[in-house]
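J.: Residue numbers for the sequence shown follow my numbering, so the first one is 631 and each next one is one higher. Even for Gly, the Cβ is constructed at its ideal location relative to N, Cα and C. A single structure is presented below for examination.
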Amino acid sequence: MLSGNWPPPPAKRFILPCNPPAFRPRLSSVNILVTAGSTREPLDPVRYLTNRSSGKMGYALANAGAQLGHRVTLISGPTSLDIPINVDYVPVETAQEMFEATSIHIARADAAIFSAAVADYRPATFVENKIRKSEDHLTIELVRNADILGSARAEFRYEGVLVGFAAETENLEEHAREKLHRKGCDLVVANDVSRSGIGFDSDHNEVLLIYPDRTEPLPVETKEHLAHLIVQAVQELRIRKG
Numbered sequence: 631m632l633s634g635n636w637p638p639p640p641a642k643r644f645i646l647p648c649n650p651p652a653f654r655p656r657l658s659s660v661n662i663l664v665t666a667g668s669t670r671e672p673l674d675p676v677r678y679l680t681n682r683s684s685g686k687m688g689y690a691l692a693n694a695g696a697q698l699g700h701r702v703t704l705i706s707g708p709t710s711l712d713i714p715i716n717v718d719y720v721p722v723e724t725a726q727e728m729f730e731a732t733s734i735h736i737a738r739a740d741a742a743i744f745s746a747a748v749a750d751y752r753p754a755t756f757v758e759n760k761i762r763k764s765e766d767h768l769t770i771e772l773v774r775n776a777d778i779l780g781s782a783r784a785e786f787r788y789e790g791v792l793v794g795f796a797a798e799t800e801n802l803e804e805h806a807r808e809k810l811h812r813k814g815c816d817l818v819v820a821n822d823v824s825r826s827g828i829g830f831d832s833d834h835n836e837v838l839l840i841y842p843d844r845t846e847p848l849p850v851e852t853k854e855h856l857a858h859l860i861v862q863a864v865q866e867l868r869i870r871k872g
């Protein structure tokens with residue numbers, strides 16, 4: 631069930647006259663697609679299923695890409711964050727809306743960074759009126775949402791640099807590496823969301839960069855700093871991929 635925002639509005643462009651001098655691009659400009667934030671899966675007019683993602687990492691990535699001189703499209707679920715400057719901004723709400731928007735915008739992307747925390751499931755039925763509190767128990771049937779990252783290679787036929795994110799609570803590197811191979815990623819950024827002070831809704835994070843042939847740990851840093859390191863890694867992957 632869509633939220634009424636589909637089809638999504640045309641991308642909005644937020645522009646300043648130039649890039650900040652400290653972040654002049656050192657490599658050729660490319661098109662980068664970033665997905666960010668959570669999705670909301672409506673149950674009735676006042677309730678929805680969602681998760682704890684704040685969107686801070688994705689917005690930091692979009693901002694870093696723009697500061698480094700790249701053309702950035704940001705597909706974002708609902709957040710309270712300010713829209714980064716110099717990006718094409720595409721707002722969505724549900725996982726289905728994010729899937730559809732991604733299927734459109736990925737075609738012109740040289741690199742796609744899927745940092746959004748997309749809901750895996752949605753209510754099978756949207757109830758038109760508010761569900762009343764009348765029983766001791768309420769059973770909600772859930773159905774699977776489309777796998778956006780998994781569709782990049784298989785359905786969208788995307789051949790550019792593909793970056794996924796893995797938010798795990800155990801066996802971090804093992805699960806992230808399995809995800810990298812299963813979904814055809816060039817890089818997976820993995821973080822342990824069970825740790826306090828980093829990850830969800832924090833301004834800091836600690837991640838592993840999982841490549842097909844190696845793992846590179848990045849220590850605790852601000853998400854803005856990590857975003858620049860990740861975008862630089864994407865630039866290097868883009869050069870190798872040709």
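Quick one: what's got a C-beta closer than 6 Å to I736's C-beta in the same chain, skipping five residues either side?
T.: If you number the sequence shown from 1, residue 736 lands on position 106. Within the same chain, and ignoring the five residues on either side of I736 in sequence, the residues whose Cβ sits closer than 6 Å to its Cβ are L663, A742, F786, Y788.
J.: With a 10 Å radius around its C-beta and 16 neighbouring C-beta atoms as the bar for buried, classify V837 as buried or exposed.
T.: Position 207 of the sequence shown, counted from the start, is the residue given in the question as residue 837. Flag for V837 reads buried.
J.: Considering only the alpha carbon of each residue, which of P708, L691, G699, V660 lies closest to R682?
T.: Working through the sequence shown from its first residue, we reach residue 682 at position 52. Nearest C-alpha to R682: P708.
J.: Which stretch, first to last residue, makes up the alpha helix (DSSP H) that contains T732?
T.: Counted from its first residue, the sequence shown places residue 732 at position 102. Here the alpha helix (DSSP H) through T732 covers 725-735.
J.: Which partner residues does A666 have in the DSSP bridge list?
T.: On the sequence shown, residue 666 is found 36 positions in, with the first residue counted as 1. Beta-bridge pairing links A666 to S706.
J.: If you reduce the DSSP assignment to three classes, tell me which class H855 lands in.
T.: If you number the sequence shown from 1, residue 855 lands on position 225. Helix at H855.
J.: Using the rule of at least 16 other Cβ atoms within 10 Å of the residue's Cβ for burial, across every protein chain shown, is N693 buried or exposed?
T.: Looking up residue 693 in the sequence shown gives position 63. Buried is the call here.
J.: Could you tell me whether the stretch 814-828 touches the stretch 794-806, where touching means 3 or more Cβ pairs closer than 8 Å?
T.: yes
J.: Determine, using beta carbons only, whether E723 and R774 come nearer to each other than 8 Å.
T.: For the purposes of this step, residue 723 is identified with residue 93 of the sequence shown, where counting begins at 1. For the purposes of this step, residue 774 is identified with residue 144 of the sequence shown, where counting begins at 1. In this structure, R774 does not lie closer than 8 Å to E723 by Cβ.
J.: Would you grab the beta carbon distance between A754 and E730 for me? Rounded to a whole angstrom, and I think it's under 8 Å.
T.: Counted from its first residue, the sequence shown places residue 754 at position 124. Counted from its first residue, the sequence shown places residue 730 at position 100. Between E730 and A754 the Cβ distance is about 19 Å, and since that is not below 8 Å, they are no contact.
J.: In whole angstroms, what separates the C-alpha of P714 from that of R752?
T.: The residue given as residue 714 occupies position 84 in the sequence shown. The residue given as residue 752 occupies position 122 in the sequence shown. In a straight line, the C-alpha of P714 is about 29 Å away from that of R752.
J.: Where do the ends of the beta strand (DSSP E) carrying A820 lie?
T.: As a working mapping, residue 820 is identified with position 190 in the sequence shown. 817-822 is the extent of the beta strand (DSSP E) around A820.
J.: Could you tell me whether the Cβ atoms of I705 and T680 are closer together than 8 Å?
T.: In the sequence shown, counting from the first residue as 1, residue 705 sits at position 75. In the sequence shown, counting from the first residue as 1, residue 680 sits at position 50. Against a cut-off of 8 Å, the Cβ pair of T680 and I705 comes out as no contact.
J.: Output the distance between the C-alpha atoms of P675 and K763, rounded to the nearest integer angstrom.
T.: Indexing the sequence shown from 1 puts residue 675 at position 45. Indexing the sequence shown from 1 puts residue 763 at position 133. Taking the straight line joining both Cα atoms gives about 15 Å.
J.: Run the CB neighbour count on P847, radius 10 Å, all protein chains shown included, and call it buried at 16 or more, exposed below.
T.: Taking the first residue of the sequence shown as position 1, residue 847 is located at position 217. Counting Cβ neighbours within 10 Å, P847 comes out exposed, since fewer than 16 surround it.
J.: Tell me, please, which residues DSSP counts as bridged to T845.
T.: Here residue 845 refers to the residue found at position 215 of the sequence shown. Per the DSSP secondary-structure output, T845 pairs in a beta bridge with I840.
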